[in-house]
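First up is the structure itself, then whatever we jot down about it.
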Amino acid sequence: MISTTLKKPELLAPAGSFEAAYYAFKAGADAVYLGLADFSARKAARNFSLDELRVLRRLATDNGKRILVTANTVIKENERQGLAEMLFDLSGIGVDGVIIQDLGLLEMLRRYFPELPIHASTQMAVQDTLGLQHLASLGVRRVVLPRELTLAEITRLRKENPNIELETFIHGALCYSVSGMCLISGTQLGRSANRGECAQMCRSTYQRAGKTGHYFSCNDLALSSEVLKLAALGIDSLKIEGRMKPPEYVQAVVSLYRRVLDNGAPLPEKEMAALEKNISLTFSRGITKAFFSNTQGDNLLSNEYAAHRGIPLGKVRESWRDGFSLTLEHAVSAHDGLMYFKKTVPPEPVRFALKNLVVAAGGNRTPGYFARAGQIIEAECPMPPPVGAELFLISSRDLDLKAVKSTSLPAHVRPVVMWAVLKGAELTLTSEGHAKTYAVQVDTARVPKDFGTILSDLFLQSGESPFQIQTVNFGTESGQARETIFIPPSKLKSIKNDFYLDLARHLAARRQAVSAQALELPLLENIHPWPEQLAMPIARQTLSPKGALPFLTAIPSGLDDLAKLEDFYVMPLKPVVIDEGQYYQALQKLIEAHPQQKFLVGLNNLGQVALSRDLAKRSSNIFFFLDFFCYIANSAAVYFYFSTVPRLLFAYSWIEGDGQLKGPLLGRIFCVGADFKPPLFVSRVCVHRHTLGECPANCSQSLRLPMLSGGRKGQAVIEDCMTYFFFSE
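Numbering (this note's numbering), first residue to last: 4 to 732.
Okay, structure coming up:
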């Protein structure tokens, strides 16, 4: 139960469209997160235009709600100009935060748009206190934690990091891979998940041991009443996934969690079941609490079917050429969506709308539009299900929402202050650093009225301008009393219209100037000299330790398993380090045991970037390279990493990218090389355990599982309950 003295966490809803945002607010969301047409990790969502965002800003302001805008993708060099222009627009609209992945974007926001609060996306994969504290030191306000953390791990992070806001997912789709570390869609299809173009290859079928299934398809997260534990911890924001989902889904999910949070305790069983049913009818693959209770996770994978399955409706009683009958487990209406599965491997869904509904009772057959649970119905179907087949109700017309057009609602306008000074026959107007003087003919007013009030009333008439002069500070140096000043209304209106147009041109020019300035970066200083014994470039494959993985899942006690590059022993660190204490202590112990040796340490997450500073202080023989999970796709990211990491010798460019970088140090940025095979999934979901339903007896926690995908050979490598998937050809 939530204590009445504790602040309730923010309930944050997805908004893939204006209607989704509108109904999220109506259902009780405190805030929504949304994407614009570019730089969003959900490019397939409808997303928002600036005009729609302005309308939503007004709606949010009027109702005490908040808006977060996503820019949570890897940013290419040629996109930095457009990105800066977008940030300028967001600053003018006044959004409540920008959610980001790219460290180059973080650099731009810190330097040129400090008024925009920065939220670190789950795509940044920050999983430990090292990373959280480093982000806090950079001015980041909030971090979205990975979905893979347990309640105990979240509790520890909350206690260790009171100076930064934490956000956790509570409901929605789960990626198989750790967010930000999925490379399969980008490397295999050219559709990078780190660019909002994910092809959802985890939802595809794979073959294992002669059987076909959706072996990487996760069920949907649904914490339900468990959110009360997160609220009691002091988690700042509870996030619902679903920018690809319809408004009906968003409203249903928000309604449930709003009710739970406001109640402060689990809901009565009947009320909870009704709310959960509405969610299942809008979208549900099957549900899981993921890793909330334990590190192994519960009911995570759905091997047979990877899409929406709704709720069971009943088993078919009879079937004929163009129809069927069944006894209903739930009420239905005409045109509701139904589904059954063909007996194939994997099962193939057949979806259809409920048409020509007939209620059969006591020998009577009554056509209608509605039937209650327990009644027997007959209906038409072009491909009727066989007797005994289970039908699912996958949509209900009762949940359909009324369309909402953003153009029918008022838009936010940017408030602007203007100074007006009358001196002789000249009226000078100044706003936003722009001034213009107009020649006027001043007479004496027949009816006294404060001239400043006249100007204020006039300039409030902004038409369709995205800004509005809401405050006018008037002064006169003519010696004439304010109440007696008269300038013909037609002249004032002409001045007002001209000044609005002129100010709009000025703001557009300033947008270009600020955006151009935001591309500038300071000179990089104190770059460590390149070791003469090392040849350039360095192929990534030469740095991998012995074994199946290109990084150290455990720190060895000796040096024999490490790759050696001239006189450097190479230690690429693993990308997911939730047990940071044990792993990094073992790293320091190994280094301290060999004080005369040189080490080249590969950094694969932001916590390790922070750790590099401490390691460098401990030994002058430690050097670093930026490994392939620290994405560099633009010159600002180059600047961030090389100005942050001491003794950083080189980095690998974004592994899914085109390598089109600009700026200094390009000689220190290498491609991984054609022979290097990165893991395409990095997952805490042990594929072996969750396809079997339990851990195998006497598991070594080190397994190799051959798999096929469309005839291509692959392998799932399991180490310490983490799964790494590779294609072998």
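All C-beta atoms in this analysis are idealised placements derived from N, C-alpha and C, irrespective of residue type, glycine included.
In the DSSP assignment, what are the bridge partners of Ile121? Val101
Compare the C-alpha of Met574 against each of Ile581, Tyr586 and Asp582 and name the closest. Tyr586
Contact belief for Asn222 with Leu304 at Cβ below 8 angstroms, rounded distance in angstroms: 7 angstroms
What three-state label does DSSP hand Cys221 in the structure shown? strand
Ignoring anything shorter than 4 residues or poking outside the segment 14-82, list the alpha helix (DSSP H) runs there in chain order. 21-30 and 53-65
Measure how close the beta-carbons of Val147 and Ala123 come, nearest whole angstrom, since I'm counting them as under 8 angstroms. 6 angstroms
Closest to Ile121 by CA distance: which of Ala74, Glu272 and Pro149 is it? Ala74
If you pair each beta-carbon of the segment 185-193 with each one of the segment 201-219, do three or more pairs fall below 8 angstroms? yes
At what residues does the alpha helix (DSSP H) containing Arg288 begin and finish? No alpha helix (DSSP H) holds Arg288; DSSP gives it neither H nor E.
Is there contact here, the segment 652-671 with the segment 622-639, by at least three beta-carbon pairs under 8 angstroms? yes
Given Gly175 as reference, the closest of Phe116, Glu279 and Ile78 once Cα atoms are compared: Glu279
Which residue marks the beginning of the beta strand (DSSP E) containing Asn701, and which one marks its end? Premise fails: Asn701 is in no beta strand (DSSP E) and is neither H nor E.
Report all residues from its chain with a CB closer than 8 angstroms to the CB of Trp323; omit the five preceding and five following residues, and keep chain order. Pro387
Runs of 3 residues minimum, wholly inside the segment 167-233: which ones carry the beta strand (DSSP E) assignment? 168-175, 209-211, 214-216 and 223-225
In angstroms, rounded to a whole number, what distance separates the CA positions of Ala27 and Leu603? 49 angstroms
Nearest CA to the CA of Pro682: which residue from Cys674, Phe730 and Ile472? Phe730
Specify, as a first and last residue, the run of the alpha helix (DSSP H) that Gly326 falls within. Premise fails: Gly326 lies in the beta strand (DSSP E), Gly326 to Thr330, not in any alpha helix (DSSP H).
Please classify Ala309 as buried or exposed, where buried requires at least 16 other C-beta atoms within 10 Å of its C-beta. buried
Minimum C-alpha distance to Asp33 - residue among Ala87, Arg262 and Leu224: Arg262
Determine the direct distance from the alpha carbon of Ala511 to that of Leu432, and round the result to whole angstroms. 18 angstroms
Taking the C-alpha atoms as reference points, what is the distance between Phe219 and Lys273? 33 angstroms
Label Leu669 either buried or exposed according to how many other C-beta atoms from any shown protein chain fall within 10 Å of its C-beta, with 16 as the threshold for buried. exposed
Please state whether DSSP places Glu156 in a helix, a strand or coil. helix
Distance, Cα to Cα, Arg692 vs Leu652? 40 angstroms
Counting pairs of Cβ atoms below 8 angstroms between the segment 471-485 and the segment 511-522, do you hit three or more? no
Measuring straight from C-alpha to C-alpha, what distance separates Ser328 and Phe373? 15 angstroms
So, at 7 angstroms on beta carbons, what are the nonlocal neighbours of Leu555 in its own chain, with the 5 sequence-adjacent residues on each side left out? Pro548, Met574, Pro575, Leu576 and Lys577
If you draw a straight line from the alpha carbon of Ser705 to that of Ser227, how long is it in whole angstroms? 34 angstroms
Proximal residues to Val580 (C-beta, below 8 angstroms), its chain only, five neighbours per side dropped: Gln130, Asp131, Tyr586, Tyr587, Asn608, Gly610 and Gln611
Given Asn164, which residues of its chain have a CB within under 8 angstroms of its CB, disregarding the five upstream and five downstream residues? Thr132, Leu135, Gln136 and Ala139
For Glu539, is the classification buried or exposed, using 16 other Cβ atoms within 10 angstroms of its Cβ as the cut-off for buried? For the sequence presented, residue 539 should be read as Met rather than Glu. Counting Cβ neighbours within 10 Å, Met539 comes out exposed, since fewer than 16 surround it.
Using beta-carbon positions only, say whether Leu331 and Ile379 come within less than 9 angstroms of one another. yes
Could you tell me the alpha carbon to alpha carbon distance between Pro491 and Ala448, rounded to whole angstroms? 10 angstroms
Answer yes or no: do Ala196 and Leu231 have a C-beta to C-beta separation smaller than 9 angstroms? no
Contact the segment 420-430 vs the segment 58-74: 3+ CB pairs below 8 angstroms: no
Per-residue burial, Arg508 [other beta carbons within 10 Å of its own, 16 or more giving buried]: exposed
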